[in-house]
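Under this note's numbering, think of the first position of the sequence shown as 934, with each following residue one higher.
Cβ atoms here follow ideal geometry from the backbone N, Cα and C, with glycine treated the same way.
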Amino acid sequence: MRPRHVLLVTFPAQGHINPSLQFAKRLVNMGIEVTFATSVYAQRLMEETAAAAAAARDLPKGLTFTPYPDGYDDGFTFRDDGKKYMRNIRSRASKILKDTVMAAAEQGRPVSCLIYTLLLPWVSKVAREIHIPSALLWIQSATAFNAYYYYFNGYGDQIKAESNDPTWKIQLPGIPILLSKHDIPSFMLPTSSERYSFALTSFNEQLEVLDVETKPKVLVNTFDSLEHDVLKSIDKYELIGVGPLLPSASWMMEEIAKGLLDSGRPFLWVKRANGKADEEKKEEDEKLSCMEELEKVGRLCHGALNLRF
């Protein structure tokens, strides 16, 4: 009897690929075959990364990769239109995913479930069209899922109208504590950049998709609760978190760095790896910590970890 076969589709962003890859490995360790799908560009970066060769040797048997087109084979930049990108990835990848499922069936490896990450709600529709069960892999916390749900179900107007008040707090159903503007996803705030408005639209569509499902399935990431001691220990540093969703223009980076250094507080800077050679920059202060993407849990996209507090 052949093992079950899952097609795992992830949005081509580092914060989506890493947890999805770890999830895929866990499925494989349970005897489930996994085909991991991400964009052409993201897969090329994984293959070109210096750590990819070493990581590939550690990949378990039963985990394979397949790319899908999104119209941005050279990568998506901050100058590109996010809404146009979301339309492209939907229209171009839908057919490829169907073809991937059909090809697997012809090879005697039928896909038994289609799992997808955030920002890809249309994948559920693809699964329904080819009569395959689907599940959302929610790579954020359960609290974040709760917050998005209630934002679109009765609390959005209050958040938009009152969250600019620095003393503002809100009680959402199912969450035992009051939340401030710093506790809820930044996409919900009126100060969020219009550039990322497509993300909030996608979250709304995702909830609508789950509503129409007869038996919706959401796989919720609760990993934070498994690392309570680690999270508690890092609190003593009072770190300011920076990135990775930041413009890469050098003048913007310099201004952000100056503001952080002037704050007098230690900070952790997460810098997105774009696959292109960057000019080397001297760190202006010992408190400045730049982190590309770390190879800590077997990730294919590898960088360097350099932390100083």
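Between Arg935 and Arg1042, the C-beta spacing is below 8 Å. Segment contact: the segment 940 to 958 against the segment 1046 to 1054, three or more CB-CB distances shorter than 8 Å; contact assigned. Taking a contact to require three or more Cβ pairs closer than 8 Å, the segment 992 to 1004 and the segment 968 to 975 qualify as touching.
Look at the segment 980 to 1050 and you find these whole runs of beta strand (DSSP E), each 3 residues long or longer: 996 to 1001, 1046 to 1049. Within its own chain, the residues whose Cβ lies closer than 7 Å to the Cβ of Tyr1084, once the five positions on either side in sequence are excluded, are Ile1092, Met1121, listed in chain order. The alpha-carbon of Pro1054 is positioned some 22 Å away from that of Gly1087. Per the C-alpha coordinates, the member of Thr1010, Gly1015, Arg1061, Ala1038 positioned closest to Ser1027 is Arg1061. Rounded to the nearest angstrom, the gap between the Cα atoms of Gln976 and Tyr1005 is 12 Å.
Residue state for Leu1193 is assigned as helix, using DSSP reduced to three classes. Each of Ser1113, Arg1128, Leu1152, Asn1137 was checked against the Cα of Trp1101, and the nearest Cα belongs to Ser1113. Look at His1115 here: in three-state DSSP terms it is coil, with no helix or strand label. With fewer than 16 other Cβ atoms from the protein chains shown falling within 10 Å of its own Cβ, Asp1032 counts as exposed. Rounded to the nearest whole angstrom, the C-alpha separation of Tyr1081 and Glu1187 is 33 Å. Beyond the five residues adjoining it in sequence on each side, Gly1015 comes within less than 7 Å, by CB distance, of Arg1128, Tyr1129, Phe1131 in the same chain, given in chain order.
Counting along the chain, the unbroken beta strand (DSSP E) around Leu940 starts and ends at 938 to 942. In summary, Val961 is buried, with 16 or more beta-carbon neighbours lying within 10 Å of its beta-carbon over all protein chains present. Straight-line spacing of the CA atoms in Met979 and Gln955 works out to 15 Å. Note on geometry: alpha-carbon atoms of Leu1111 and Leu1052 lie some 27 Å from one another. In the structure shown, Trp1071 adopts extended strand secondary structure according to DSSP, grouped into three states. Annotation for Phe1136: the continuous alpha helix (DSSP H) segment containing it runs 1130 to 1145.
Its chain contains Tyr1001, Pro1002 as the residues whose beta carbon lies nearer than 7 Å to that of Ile1029, once the 5 sequence neighbours on both sides are disregarded; these appear in chain order. Selection Ala1190, Asp1116, Ala1038 evaluated against Phe1078 yields Asp1116 as nearest (Cα-Cα). For Arg1025, same chain residues with a beta-carbon under 8 Å away, outside a window of 5 residues either side, are Tyr1001, Pro1002, Asp1003, Gly1004 in chain order. With 16 or more other Cβ atoms inside 10 Å of its own Cβ, Pro945 counts as buried. At the C-beta level, Ser1196 and Leu1070 stay beyond 8 Å of one another.
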